[in-house]
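Q: One structure, as structure tokens, below. Some questions next.
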Amino acid sequence: MFVARQKVKRSQAYYYRIIMIVTFVLSIITDWYDPLIFLLTGTLLLFFLDKLGKGIVLRELIAFHFCFICLVMPWIGYRWYTIANPLARIWVRYMPVNEQVYFAFALPAVAAFTVALCWPIKKNHVDDEGEFTFKHINRIKAVLENKNQIGKHILFIGLISSIVTPFLPVSFQFVGNLLAWSSFSGILYIYFTHNLKYRGIILAAFVLLLLEQAVRQGMFTIVAYMGLTIFSFLFLKKKSPMWKKLGIFILSSFMLILVQSVKSNFRQLTWYGSYSGNKTALFADLLSEKLGNGFFNLFTPETFFPLYYRANQGYNIGLVMRRIPAIQDFDNGSKLAIDLASSLAPRFLWTDKPTAGGKYNMKYFTGLTIIGYSTDVGPVGEAYGSFGVTGGIIYMFVLGLFVRWAYLLVFKISRKIPLLILWIPVIFFQVTYSAENDTLQILNSLTKGAFLIYILYKTAPGLFGEGRQFAKRKQSVVPA
Numbered sequence: 007m008f009v010a011r012q013k014v015k016r017s018q019a020y021y022y023r024i025i026m027i028v029t030f031v032l033s034i035i036t037d038w039y040d041p042l043i044f045l046l047t048g049t050l051l052l053f054f055l056d057k058l059g060k061g062i063v064l065r066e067l068i069a070f071h072f073c074f075i076c077l078v079m080p081w082i083g084y085r086w087y088t089i090a091n092p093l094a095r096i097w098v099r100y101m102p103v104n105e106q107v108y109f110a111f112a113l114p115a116v117a118a119f120t121v122a123l124c125w126p127i128k129k130n131h132v133d134d135e136g137e138f139t140f141k142h143i144n145r146i147k148a149v150l151e152n153k154n155q156i157g158k159h160i161l162f163i164g165l166i167s168s169i170v171t172p173f174l175p176v177s178f179q180f181v182g183n184l185l186a187w188s189s190f191s192g193i194l195y196i197y198f199t200h201n202l203k204y205r206g207i208i209l210a211a212f213v214l215l216l217l218e219q220a221v222r223q224g225m226f227t228i229v230a231y232m233g234l235t236i237f238s239f240l241f242l243k244k245k246s247p248m249w250k251k252l253g254i255f256i257l258s259s260f261m262l263i264l265v266q267s268v269k270s271n272f273r274q275l276t277w278y279g280s281y282s283g284n285k286t287a288l289f290a291d292l293l294s295e296k297l298g299n300g301f302f303n304l305f306t307p308e309t310f311f312p313l314y315y316r317a318n319q320g321y322n323i324g325l326v327m328r329r330i331p332a333i334q335d336f337d338n339g340s341k342l343a344i345d346l347a348s349s350l351a352p353r354f355l356w357t358d359k360p361t362a363g364g365k366y367n368m369k370y371f372t373g374l375t376i377i378g379y380s381t382d383v384g385p386v387g388e389a390y391g392s393f394g395v396t397g398g399i400i401y402m403f404v405l406g407l408f409v410r411w412a413y414l415l416v417f418k419i420s421r422k423i424p425l426l427i428l429w430i431p432v433i434f435f436q437v438t439y440s441a442e443n444d445t446l447q448i449l450n451s452l453t454k455g456a457f458l459i460y461i462l463y464k465t466a467p468g469l470f471g472e473g474r475q476f477a478k479r480k481q482s483v484v485p486a
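In the numbering used here, the protein residues as written are 7 to 486.
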């Protein structure tokens with residue numbers, strides 16, 4: 007019976023993937039862009055929610071994020087925020103290229119990426135959902151039962167690193183950030199260590215500290231993207247009907263829209279203004295004021311504009327398409343080749359190597375100089391600027407395969423080092439929201455994250471349950 011249920015669940019997953027393939031094919035041979043955009047996005051949403059509780063939801067989250075900011079938000083731009091809209095005109099946020107031109111490239115490029123990324127990873131008895139994942143979690147619990155202090159040690163390292171990192175030289179800050187993010191792996195260690203004293207108090211205190219820091223700094227990226235990945239771990243083996251998962255998603259989306267609608271005012275007051283009071287109280291007051299205006303008021307073109315401004319990656323992609331090849335030729339991947347070399351070389355050996363963050367990319371691909379804020383053309387923009395329509399679609403497919411390969415590699419290695427699975431949020435954190443950054447960020451996150459964890463494993467194997475005590479325990483259970 008269990009095997010039959012597993013086969014049914016497998017077939018449902020394949021249906022989602024088949025729809026993605028059909029969407030990709032239709033996006034190339036037809037111009038049915040409106041229905042295909044929402045077919046692809048809706049399929050990924052259902053896939054995401056269906057897998058929640060059954061496995062680790064990371065690839066689906068990355069793919070959904072690409073669809074949302076590269077397809078759905080530009081679609082809203084073409085409908086609401088045209089040049090006739092006062093806000094779009096004042097802030098110059100109307101789409102810079104024709105709708106047909108934009109979606110003829112962006113839709114098949116994103117669809118190709120999602121097909122490659124979300125294709126099953128079941129290979130050599132490795133999987134990120136179902137029986138393999140559940141058994142793997144049981145192995146993790148068995149290891150942590152005998153090493154119940156590891157999580158607290160990792161959490162301590164992460165918290166100390168978050169304090170020290172801002173004072174480090176620029177060349178070492180990325181390493182500092184990786185160590186700071188390791189606190190999230192520490193939280194997963196603690197969550198799966200059921201015999202740890204004060205486990206619930208530690209978890210609650212960490213969440214409150216994280217939220218307080220996010221409000222104080224006005225930065226919610228780590229809460230949103232790291233939180234979603236962590237949540238999929240916490241939700242494992244919890245059976246919930248689809249309507250309940252959908253309700254959680256709608257509530258979370260509403261909170262995101264609400265936060266985004268007040269974030270700009272909050273930053274204006276705390277970053278650039280003279281406000282010196284309690285920032286948490288100020289944030290709560292702004293939220294209360296926004297809610298007081300009515301629920302549906304959040305979805306008017308005027309109120310929704312801050313979220314559109316922040317989340318419409320299609321605008322930057324359109325800037326690339328407007329400039330290339332009319333003013334500047336495709337570079338055939340020369341910039342991406344430099345990015346690949348940059349991700350492999352440490353900064354102290356290549357002091358002027360490119361940095362992820364967007365200023366250089368925006369100048370290189372769009373001709374615009376960015377001052378005072380951060381934005382980027384994204385991998386989709388890089389794909390078009392480097393290879394054009396056909397080559398860009400192929401590039402996005404290959405990029406999806408690469409991320410999938412890196413993800414699969416973690417699961418393969420975890421068969422020997424079970425606790426490695428709990429470091430997925432650290433390794434893939436910046437990949438999660440890479441749709442709004444660049445390929446270099448993906449490469450940096452994967453290569454440097456993997457290298458740091460390798461160094462930790464070699465210098466402190468106890469953090470991965472590989473100390474002498476664990477080795478003795480493994481020998482003791484080997485049958486004679």
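Ideal Cβ positions, reconstructed from N, Cα and C, are used throughout, including at glycine.
Because the structure is a prediction, the values reported are computed rather than measured.
(1) Which two residues bound the contiguous alpha helix (DSSP H) that contains residue 390?
(2) Run the CB neighbour count on residue 324, radius 10 Å, all protein chains shown included, and call it buried at 16 or more, exposed below.
(3) Give the DSSP-derived three-state secondary structure of residue 103 in the structure shown.
(4) With C-beta atoms as the reference, is residue 342 less than 8 Å away from residue 308?
(5) Looking at C-beta atoms only, is the number of pairs between the segment 62-79 and the segment 116-131 that lie closer than 8 Å three or more?
(6) So does the segment 391-399 actually touch the segment 333-348, counting three or more Cβ pairs closer than 8 Å?
(7) Indicate whether residue 196 and residue 244 have their beta-carbon atoms separated by less than 8 Å.
(8) Assign residue 322 to one of two classes, buried (16 or more other C-beta atoms within 10 Å of its C-beta) or exposed (fewer than that).
(9) Quick one: what's got a C-beta closer than 6 Å to residue 345's C-beta in the same chain, skipping five residues either side?
(10) Look up residue 3 in the DSSP assignment and give the residues it is bridged to.
(11) Can you tell me where the alpha helix (DSSP H) with residue 38 in it begins and where it stops?
(12) Relative to the C-alpha of residue 114, which candidate in 171, 103, 180 and 29 has its C-alpha closest?
(13) Who are the near neighbours of residue 163 in its chain, counting only those whose CB is closer than 7 Å to its CB and skipping five residues on each side?
(14) For residue 93, which residues in the same chain have their Cβ closer than 8 Å to its Cβ, ignoring the five residues on either side in sequence?
(15) Between the segment 128-147 and the segment 74-83, are three or more C-beta pairs nearer than 8 Å?
(16) Nearest by alpha-carbon distance to residue 369: which of 111, 329, 38 and 57 is it?
(17) For residue 426 versus residue 416, is the C-beta distance shorter than 8 Å?
(18) So, for residue 208: in the same chain, excluding its five sequence neighbours on each side, which residues have a beta-carbon less than 7 Å away from its beta-carbon?
(19) One question on the structure: do residue 435 and residue 204 come within less than 8 Å of each other, judged by their Cβ atoms?
(20) For the alpha helix (DSSP H) containing residue 240, name the first residue and the last one.
(21) With DSSP run on the structure shown, which of helix, strand or coil describes residue 215?
(22) Output the distance between the C-alpha atoms of residue 56 and residue 454, rounded to the nearest integer angstrom.
(23) Pick helix, strand or coil for residue 381, following the three-state DSSP scheme.
(24) Quick check: residue 470 and residue 423, are their CB atoms within less than 8 Å of each other?
(25) In terms of residue numbering, what span does the alpha helix (DSSP H) encompassing residue 84 cover?
(26) By the DSSP assignment, the alpha helix (DSSP H) with residue 159 in it spans what residues?
(27) Let me confirm a value: residue 41 is counted as buried when at least 16 other C-beta atoms fall within 10 Å, else exposed. Which label applies?
(28) Using three-state DSSP, classify residue 482 as helix, strand or coil.
(29) Should residue 127 and residue 407 be called a contact, given that it needs their Cβ atoms to be closer than 8 Å?
(30) Which first and last residues belong to the alpha helix (DSSP H) in which residue 465 is found?
(31) Does DSSP put residue 319 in a helix, in a strand, or in coil?
(32) Out of 428, 19, 33 and 452, which has the shortest C-alpha to C-alpha gap to residue 238?
(33) The ligand GTP heavy atoms versus the CB of residue 56: any closer than 7 Å?
(34) Taking Cβ to Cβ, would you say residue 156 is nearer than 8 Å to residue 150?
(35) Does the distance from the C-beta atom of residue 22 to that of residue 44 stay below 8 Å?
(36) Give the secondary structure of residue 144 by DSSP, where H, G and I count as helix, E and B as strand, and everything else as coil.
A: On the basis of the coordinates in this document:
(1) That run of the alpha helix (DSSP H) goes 384-420.
(2) buried
(3) coil
(4) no
(5) yes
(6) yes
(7) no
(8) buried
(9) 445 and 446
(10) Because the chain here runs from 7 to 486, residue 3 falls outside it and cannot be looked at.
(11) No alpha helix (DSSP H) holds residue 38; DSSP gives it neither H nor E.
(12) Cα-wise, what sits closest to residue 114 is 29.
(13) Correct list, in chain order: 185 and 188.
(14) 87, 99, 307, 308 and 311
(15) no
(16) 329
(17) Using a Cβ distance threshold of 8 Å, residue 426 and residue 416 count as a contacting pair.
(18) 196
(19) no
(20) 233-240
(21) helix
(22) 32 Å
(23) coil
(24) yes
(25) Where residue 84 is concerned, the enclosing alpha helix (DSSP H) stretches over 79-85.
(26) Start and end: 156-170.
(27) Taking every protein chain shown into account, the CB of residue 41 has fewer than 16 other CB atoms within 10 angstroms, so this residue is exposed.
(28) Residue confidence for residue 482 is low, a pLDDT of 41 falling below 50, so the modelled location carries little weight; the figure read from the coordinates is stated next. DSSP places residue 482 in helix when its eight states are reduced to three.
(29) no
(30) Residues 445-465.
(31) coil
(32) 428
(33) Looking at this structure, you won't find the ligand GTP or any other ligand, since it has none at all.
(34) yes
(35) No, the pair does not count as a contact, with Cβ atoms beyond the cut-off.
(36) Here residue 144 sits in helix by DSSP.
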